[in-house]
Amino acid sequence: MTSADGIVRWIAPGFDPPPEPEPELELPPPPTPPSVEELQAIEQAAYDEGFERGHADGLAQGQAEIRRVVAQIEGILDSFTRPLARLDSEVGDALGDLAVRIAGSLVGRAYAADPTLLAELVREALDSVGSNGRDVELRLHPHDIGVLTPHLPAIDGVRLTGDTTLARGELRLHSESVRIDGTLATRLQACLQATLDRAAGA
Numbered sequence: 001m002t003s004a005d006g007i008v009r010w011i012a013p014g015f016d017p018p019p020e021p022e023p024e025l026e027l028p029p030p031p032t033p034p035s036v037e038e039l040q041a042i043e044q045a046a047y048d049e050g051f052e053r054g055h056a057d058g059l060a061q062g063q064a065e066i067r068r069v070v071a072q073i074e075g076i077l078d079s080f081t082r083p084l085a086r087l088d089s090e091v092g093d094a095l096g097d098l099a100v101r102i103a104g105s106l107v108g109r110a111y112a113a114d115p116t117l118l119a120e121l122v123r124e125a126l127d128s129v130g131s132n133g134r135d136v137e138l139r140l141h142p143h144d145i146g147v148l149t150p151h152l153p154a155i156d157g158v159r160l161t162g163d164t165t166l167a168r169g170e171l172r173l174h175s176e177s178v179r180i181d182g183t184l185a186t187r188l189q190a191c192l193q194a195t196l197d198r199a200a201g202a
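This is the structure in structure tokens:
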């Protein structure tokens, strides 16, 4: 029998005391599940929070949309009022021109029917020149010169000139120091301004 056959090595037992068993870990008791009321409260709180957040977002979006629509409406109104203001100005100018033409026609007829009216206007213009009336040029419509001559005595230093750019009843007076525009448009403007000044002072 060889030494390798059937030989079992013996190991002497140790003299150490046996190890103490490891203490069992005490696990905390499992958490108690929430009650039905607590679950409902959690669910309601989450719902309320979501509702508030959604409400705030929706409100902000709604306000932004309102601002956008208001800006669009203001743009549309502005595009309507700008042409109306321009039209109002154009109509006012056209009515003013029409009034001057109608008044000119009426005044021209009145001066043709009664030359003393034009003679009075010429006297007022010459009086405004006064003693400075050396070398005065009085421009009138050519038809008015012929009608007016019998109603005005000869005036020294005044040169009568026919001017076809003037309407009947209009005049222009030029001297060294004075220029008088007696056209109908200028006279009407002066009357209108005087009326507005009186109305403003009242």
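Just so we're aligned, residue 1 is where the sequence shown starts under the UniProt record's numbering, counting upward by one.
Using N, Cα and C, we set each Cβ at its ideal position, and we do this for glycine too.
- For Asp-163, no alpha helix (DSSP H) segment is defined, and its DSSP state is neither H nor E.
- Residue pairing for Leu-148: DSSP places it in no beta bridge.
- Leu-126 places its beta carbon 8 Å or farther from that of Leu-140.
- Burial state of Asp-144 is buried, judged by a 10 Å Cβ sphere holding 16 or more other Cβ atoms.
- About 5 Å separates the Cβ atoms of Leu-138 and Leu-173, confirming a contact at the 8 Å cut-off.
- If you draw a straight line from the Cα of Gly-182 to the Cα of Glu-74, it is about 48 Å long.
- Judged by DSSP secondary structure, Leu-173 falls within the beta strand (DSSP E) whose first and last residues are 171-174.
- Boundaries of the beta strand (DSSP E) harbouring Glu-137: 136-140, taken from the DSSP string.
- Glu-170 counts as buried, since no fewer than 16 other beta carbons sit within 10 angstroms of its beta carbon.
- With a cutoff of 8 Å on beta-carbon distance, Gly-157 and Val-178 are scored as not near each other.
- Counting of Cβ neighbours within 10 angstroms places Arg-101 among the exposed residues, the total staying below 16.
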